[in-house]
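Residues in the sequence shown are numbered from 466 upward in steps of one, following my numbering. Just so you know, even glycine gets a beta-carbon here, dropped at the ideal spot from N, CA and C. In this text the structure is predicted, and so the values were computed from the model without any measurement. Take a look at the structure below.
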Amino acid sequence: MSLADMPLGPLERAFVASLQRLDESASEPVLVAAALTCGALVNGDVCVLLRRWAGQRAWPEVGGGIVLPKLEEWTALLQASSLVGAPGAFAPLILDGERLYLARYHHYETQLAEQLLARGSANPEVDETLLADGLARLFARNTQAGPDWQRLAAAQAVRRNLAVISGGPGTGKTTTVVRLLAALLEQPGGERLAIGLAAPTGKAAARMAEAIRNAKAELPVSEAIKAALPEEARTLHRLLGSRGDSPKVRHHAASPLPLDVLVVDEASMVDLALMAKLLDALPTNARLILLGDKDQLSAVEAGAVFAELCEGRGFTPQTAAALQRLTGQPVEAQAPRSRLGDAVVLLTHSHRFAGDSGIGELARRINGGDAAGTLNLLKEDRTDLTWQAAPTPNALLDRLEQGYAPYLAAARSGDVAATFKAFNGFRALTAQRQGAWGVEGINEALEARIKRRFSLPSRERWYPGRAIMVRQNDYALGLFNGDIGICLASENGLRVFFESAGESEPTFRPFSPARLPSHDSAFAMTVHKSQGSEFSEVLLALPDTASPLLTRSLFYTGITRAKHKVEIWALPARLAEAVNTRAERAAGLAERLKVQGLVVPVDPTPAPAASPQGDQDQLSLF
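Structure representation (structure tokens):
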């Protein structure tokens, strides 16, 4: 079998063809490596770890696939090829140790590492007496036992030009950032700081702005400080000035952002390319504060920057002593694995899940990789956890009809606020898009039932109660990817309403269905699309067959979208697979940031090849 017989995607085939035009004598092992590197981006990998693939079969499902050379032979062939260069060379592929990159992604990763290290080593001048007084006042209400990690995170963010704050649902990330910004504004010259707020999606940006507006009203600071706190947030793409399908942006090192401080929420969703562009566009002396949850799903595109930053955490003795002096909190020194390790603070106290919370305990067991403990917990009689261990598609649809009944009743009444409240009270989440257990299958089958119940024509697209999710940003309309709209009857006919944050209560904007950007029905949504959202009750349905999508981070993200109750529909085997499967993305950022002399282990398990689709940066590979 040859490479031409393998199931390559269109982009992989085009890339390989372009390389063959550049070097007609290119050997098959080199071209296979190029195809794997291109396809790796769709799996979220930044590069190909040659050791994982060496001696293995690529695409074994097609006639046995192609047997790859041993590591030493394969490396020698790549080094001898004119298509492959060493770091710093101009070539389509870059071989950096045992990692093979597309040139563009090698540039992103090396540039990001350099800029993170430069920013992380900068220590701005701080009035420690003023800071200590401000922290004591701003965090006076925090009385839980143990270290006050919110206060410690704020102290470290003011002391450094780079801060990474991770915490699960309900740990107070937004509360922390509002208070730390207030402490920063109280520093000498703080009133002149230009502060920006941003997030990966429009929905996340709007939610962040709303949370900060609500939180700053109760701050024990002067009115001048409250007025200086920002109230608007933008998407990262809009902040940088994205230009359609081009990977280039308006703001970069030669045209930097006019900011002194930038706070990025939901940073775990930011991929390598976007994070590299963000750091390139941020002025050298500006502070960067990244907020997120290291255990949540990573970005859809290549890279897991936030998780890699958090893995290297640890306080040096000097940092621990400084934080203890500033906050009065006990701080234990622990050798960081990364040169940026002491920029990372984990918030551990959840205000959403009490100590006896089944959801909180389930989250801990999932993140701990305890599959047996997870299954045992689900078998217990917990008020906030239920488990359907023998699910069927028809039974699932019956349950969803029941779960959405209050919502549909509210929608038929025409009360917009009541309808949105009911819709946020119950939500179905899935791991995938296709199949009977995926978003498309569930939405199609459930909508057919709804239309029959209300005697609607089967081809009727719009009806009171249809919920949709926007798939692309439309800045003219103020609608963004991930925004939820609900179709309701109005005096002007059917309109799709979208919720917006008002000063005291939500407001609702109506749109004609014909004006909407690309969208899908949204009775069920993928766990990926639910990131950053929260619902009173969540029903999580997992596929009945093994899937590479079933990972610990997906399971954790899905169940933690619920505030009060989680209902899981999944076979025991699928749950065990999800808990036991830790998503590992091939990348070299952690290696570049590590403390010198420390060995970062590499998982030797080979990963399956995939066909790329969708990432706009893949349109220009080198």
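Item to check | DSSP-derived helix/strand/coil call for T848 | outcome: Residue state, collapsed to three classes: coil.
Item to check | Contacting residues, own chain, Cβ-Cβ under 6 Å from S586 (five flanking each side not counted) | outcome: Answer for S586: no residue qualifies.
Item to check | Rounded C-alpha distance that separates R778 from P795 | outcome: So the two alpha carbons sit approximately 17 Å from each other.
Item to check | For A551 and A545, the rounded distance between their alpha carbons | outcome: A direct Cα-Cα distance of roughly 11 Å separates A545 from A551.
Next on the checklist: Measuring only the C-alpha atoms, how far is Q799 from D510?
Outcome noted: The alpha-carbon atoms of Q799 and D510 are separated by roughly 30 Å.
Checklist entry - Where R918 and A954 are concerned, what is the direct C-alpha to C-alpha distance, given to the nearest angstrom? => result Looking at the two C-alpha atoms, the distance is approximately 18 Å.
Item to check | Where R892 falls: helix, strand or coil (DSSP) | outcome: It is a strand residue.
Item to check | Beta-bridge partners of F1000, as assigned by DSSP | outcome: Bridge partners of F1000 according to DSSP: A1027.
Next on the checklist: With H, G and I counted as helix, E and B as strand and the rest as coil, what does DSSP make of R1151?
Outcome noted: Not covered by the structure: residue 1151. The range shown for the chain is 466 to 1087.
Checklist entry - Is it true that the stretch 529-542 meets the stretch 477-495, where meeting means three or more beta-carbon pairs spaced less than 8 Å apart? => result The stretch 477-495 and the stretch 529-542 touch, with three or more beta-carbon pairs separated by less than 8 Å.
Next on the checklist: Looking only at its chain, what residues have a beta carbon closer than 8 Å to the beta carbon of T639, apart from the 5 residues adjacent to it on each side?
Outcome noted: If we look at T639 and ignore the five residues flanking it on each side, its Cβ neighbours are M673, A676, I677, A680, D730, L756.
Item to check | 8 Å contact criterion, which A751 and L701 should meet: CB distance rounded | outcome: Rounded, the Cβ-Cβ distance is 15 Å, inconsistent with contact.
Item to check | Three-state secondary structure (DSSP) of V527 | outcome: In this structure, V527 counts as coil in the three-state DSSP scheme.
Item to check | Best match in L487, E526, A787, A583 for proximity to L1058 [C-alpha to C-alpha] | outcome: Here the closest residue by C-alpha is A583.
Item to check | T1016, buried or exposed, once every other Cβ within 10 Å from all chains shown has been counted against 16 | outcome: Counting Cβ neighbours within 10 Å, T1016 comes out buried, since at least 16 surround it.
Item to check | In DSSP terms, what F555 is bridged to | outcome: The partner list for F555 (beta bridge, DSSP) is empty, contrary to what the question assumes.
Checklist entry - By DSSP, does E853 sit in helix, in strand, or in coil? => result Looking at the sequence shown, residue 853 is not Glu but Gln. Here Q853 sits in strand by DSSP.
Next on the checklist: Whole angstroms are fine: how far does the CA of R802 sit from the CA of V1065?
Outcome noted: Note that V1065 scores 47 on pLDDT, short of 50, meaning its location in the model is unreliable; the coordinates nonetheless yield the value given after this. Distance from the CA of V1065 to the CA of R802, rounded to the nearest whole angstrom, comes to 9 Å.
Item to check | P975, DSSP secondary structure in three states | outcome: Strand, per DSSP.
Item to check | Alpha carbon of A628 to alpha carbon of V642, nearest angstrom | outcome: Between A628 and V642, the alpha-carbon positions lie close to 11 Å from each other.
Item to check | Reduced DSSP category for T1046 - H, G, I as helix; E, B as strand; rest coil | outcome: Coil, per DSSP.
Checklist entry - Can you tell me the Cα-Cα spacing of I951 and A1027, whole angstroms? => result A direct Cα-Cα distance of roughly 21 Å separates I951 from A1027.
Item to check | Residue environment, E574, which counts as buried when at least 16 other CB atoms sit within 10 Å | outcome: Burial state of E574 is buried, judged by a 10 Å Cβ sphere holding 16 or more other Cβ atoms.
Checklist entry - The beta strand (DSSP E) with D985 in it runs from where to where? => result First-last of the beta strand (DSSP E) with D985: 984-986.
Checklist entry - In whole angstroms, what separates the C-alpha of I915 from that of Y872? => result Near 12 Å, if we compare the C-alpha coordinates of Y872 and I915.
Checklist entry - Are there 16 or more other CB atoms within 10 angstroms of the CB of L487, so buried, or fewer, so exposed? => result Classification of L487: exposed, given that the 10 Å Cβ count is below 16.
Checklist entry - What's the C-alpha gap between S969 and A855? => result The predicted position of S969 is uncertain, since its pLDDT is 49 and thus under 50; a value taken from the coordinates is nonetheless stated next. Cα to Cα, S969 sits roughly 45 Å from A855.
Checklist entry - Can you list the alpha helix (DSSP H) stretches of 4 or more residues lying completely in the stretch 747-811, in chain order? => result Look at the stretch 747-811 and you find these whole runs of alpha helix (DSSP H), each 4 residues long or longer: 770-776, 782-792.
Item to check | Candidates L753, F891, L649, I559, of which the one nearest E590 by Cα | outcome: Considering only alpha carbons, the answer is L649.
Checklist entry - Rounded C-beta distance between A670 and A689? I'm assuming under 8 Å. => result Not quite, the Cβ-Cβ distance comes to about 26 Å (not below 8 Å), so this is no contact.
Checklist entry - With which residues is F962 paired in a DSSP beta bridge? => result Residue pairing by DSSP places F962 opposite I951, P975 in a beta bridge.
Item to check | Backbone CA spacing between P1077 and R1050 [nearest angstrom] | outcome: With a pLDDT of 32 at P1077, under the threshold of 50, the modelled position of that residue is not reliable, and no figure is offered here.
Checklist entry - What three-state label does DSSP hand L944 in the structure shown? => result Here L944 carries a strand assignment [DSSP, helix/strand/coil].
Item to check | With 16 other Cβ atoms within 10 Å as the buried cut-off, status of R980 | outcome: Note on R980: under 16 other CB atoms within 10 angstroms of its CB, so exposed under the neighbour-count rule.
Next on the checklist: Do F962 and F891 count as a contact pair if the criterion is CB distance below 9 Å?
Outcome noted: Between F891 and F962, the C-beta spacing is not below 9 Å.
Checklist entry - CA-CA distance, G635 and A870? => result Their backbone Cα atoms lie some 28 Å apart in a straight line.
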